[in-house]
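*Asks:*
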Amino acid sequence: MNPLLSKLQPYPFERLRQLFAGVTPDPALPPISLGIGEPKHPTPDFIKHALTAGLGALAAYPATAGEPKLRQSFTDWLQTRYRLALDPATQVLPVNGSREALFALAQTVVDASASPAPIVVSPNPFYQIYEGAALLAGAETYYVPSRADRNFAVDWDSVPANVWARAQLVFVCSPGNPTGAVMPLDEWKKLFALSDQHGFVIASDECYSEIYFRDEPPLGGLEAAAKLGRTDYKNLIALTSLSKRSNVPGLRSGFVAGDARWMKQFLLYRTYHGSAMSPIVQAASAAAWNDEQHVVANRDLYRRKFAEVTPLLAGVLDVQLPDASFYLWAGVRGSDTDFARDLLAQYNVTVLPGSYLAREANGVNPGAGRVRMALVADTAECLEAAQRIVQFVRSQQK
Ligand SMILES: Cc1ncc(COP(=O)(O)O)c(C=O)c1O
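Taken in order, the sequence shown gives residues 4 to 401; the numbers are from my numbering.
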């Protein structure tokens, strides 16, 4: 067996199942889950139609690089969204969701034979695929805490020079899961300078970029690079996805864009890995990327929902409207795991303990004392959950 497999940590939901084992929720209350970050708004009909209309294309193997029409839809979207002009032939590639792409990218970038051993730098808390991707690529991980006192900005300044010197890959998650924080231009500038100095690749995970609550859309990694005159996107790869933008997590579709030199190596890796996108999915994906109307409507749904739910919860928890994403990242009194377990037992509402989304590093787990609530269900259900949480917290305070 590959010994690296034994380094993988249980997934947060596996730990949640263990935490909840033996808990019998109040049967009088229907269950509500704010646990899984899976979009629940309906998939637009035109995407479903594009899928079925593509069935005739099944009789041929798709190319790993994707059809020109699909690649053009990526670069058109980058132009519309960020005013960027990327080359569809060399600077974009389709991926079967950003999850597999994050994993595959680490396998492409990391040189496990480096001495001293390579390091992959990850925010903390973080999306667990970063860790698994790094470990299976043969790297060590270094976790950088996000700081509650700085709108959950990742504290890049806290990383020691000897870690940067060994870093080969740095994950950025902006807007962040679970914090919803968007990384500002100054921080990008800092990371680009460090990347130039140490030669590491930046993987910018941007799958929540279209769900935002401020007037300004979130700054993208490629956009930040272009603003700083880095239009070759040296050592930068942005990953994005239709899952949240277009409510199609089951489609498994996204794309990566950036440094043409890395795109070439990534395509090589993907050809052997066998990660070509189904032609049907390619057709539906191009249709989805070419339409913005459904994205605006989807964002409005989240905005109205968050505007109703957040103030309720802010009355009893340390929580505020995030920059973006569909999560509330709330501070609770005492242990986050006790909070999640007791909330389930008494009010049949599932939330995810923050400590499961982070690792203890330098003696601190930056997720401890927080819970993540995914407001993916419809507004009425999220409001019902929020009301139950308010009652739960008030009952705890008595
Ligand atoms: C931060 C982050 N990145 C990537 C993904 C993967 O999304 P997908 O593979 O559906 O594109 C998720 C999914 O929840 C996520 O939260």
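Glycine included, every Cβ here is placed at the ideal spot set by N, Cα and C.
(1) Taking the straight line between their C-alpha atoms, what separation do you get for A137 and G223?
(2) What is the DSSP secondary structure of S402, reduced to helix, strand or coil?
(3) Going by DSSP, which residues form a beta bridge with F174?
(4) Here's a check: name, in chain order, each residue in its chain whose Cβ is nearer than 6 Å to the Cβ of E70, leaving out the five neighbours to either side.
(5) Should Y211 go down as buried or exposed, given a rule of 16 or more other Cβ atoms within 10 Å for buried?
(6) Under 8 Å between the Cβ atoms of G253 and L242?
(7) Residues around ligand 1, please: the ones whose beta-carbon is closer than 6 Å to some heavy atom of it, in chain order.
(8) Tell me whether F155 sits in a helix, a strand or coil according to DSSP, three-state version.
(9) Whose C-beta lies closer than 8 Å to the C-beta of L347 among residues of the same chain, with five residues either side of it excluded?
(10) Can you tell which of L73, S101, T67, I392 has the C-alpha that lies nearest to the C-alpha of L245?
(11) For ligand 2, I want to know if H276 counts as a neighbour, meaning its beta carbon is within less than 7 Å of at least one of the ligand's heavy atoms.
(12) Taking the CB atoms as reference points, tell me whether N165 and S198 lie closer together than 8 Å.
(13) Could you compute how far the alpha carbon of G261 sits from the alpha carbon of G337?
(14) When we look at the beta-carbon of Y14 and count the other beta-carbons within 10 Å, is it buried (16 or more) or exposed?
(15) At which residues does the alpha helix (DSSP H) containing P15 begin and terminate?
(16) Only counting the same chain, and skipping five residues up and downstream in sequence, which positions put a Cβ closer than 8 Å to that of W265?
(17) Consult DSSP for P6 and reduce its assignment to one of helix, strand or coil.
(18) Could you compute how far the alpha carbon of Y272 sits from the alpha carbon of A140?
(19) Taking all protein chains shown into account, decide if G38 is buried (16 or more other Cβ within 10 angstroms of its Cβ) or exposed.
(20) Is the beta carbon of V335 closer than 8 Å to that of L316?
(21) Exposed or buried, Q296, counting other C-beta atoms within 10 Å across all chains shown (16 or more means buried)?
(22) Would you say P325 and G183 are within 8 Å of each other, going by their C-beta atoms?
(23) From the DSSP secondary-structure annotation, give me the bridge partner or partners of A364.
(24) May I ask you to report which of helix, strand or coil DSSP gives A317?
(25) Contact defined as beta carbons within less than 8 Å: I believe K72 pairs with A289. What is the distance between those atoms, to the nearest angstrom?
(26) Residue range of the beta strand (DSSP E) that T144 falls in?
(27) Leaving out the 5 sequence neighbours to the left and right, which residues in its chain are closer than 6 Å to T313 when beta-carbon positions are compared?
*Replies:* Let's see:
(1) 23 Å
(2) Limits of the chain in this structure are 4 at one end and 401 at the other, which puts residue 402 out of reach.
(3) A206
(4) Q285
(5) buried
(6) no
(7) G40, G100, S101, R102, Y130, C176, N180, D208, C210, S244, S246, P252, G257
(8) coil
(9) F23, V26, P28, T353
(10) S101
(11) Within the structure as shown, ligand 2 is missing, the only ligands being ligand 1.
(12) no
(13) 43 Å
(14) exposed
(15) 15 to 23
(16) T111, V112, V204, N238, I240
(17) helix
(18) 13 Å
(19) buried
(20) no
(21) exposed
(22) yes
(23) V367
(24) helix
(25) 5 Å
(26) 143 to 150
(27) L324
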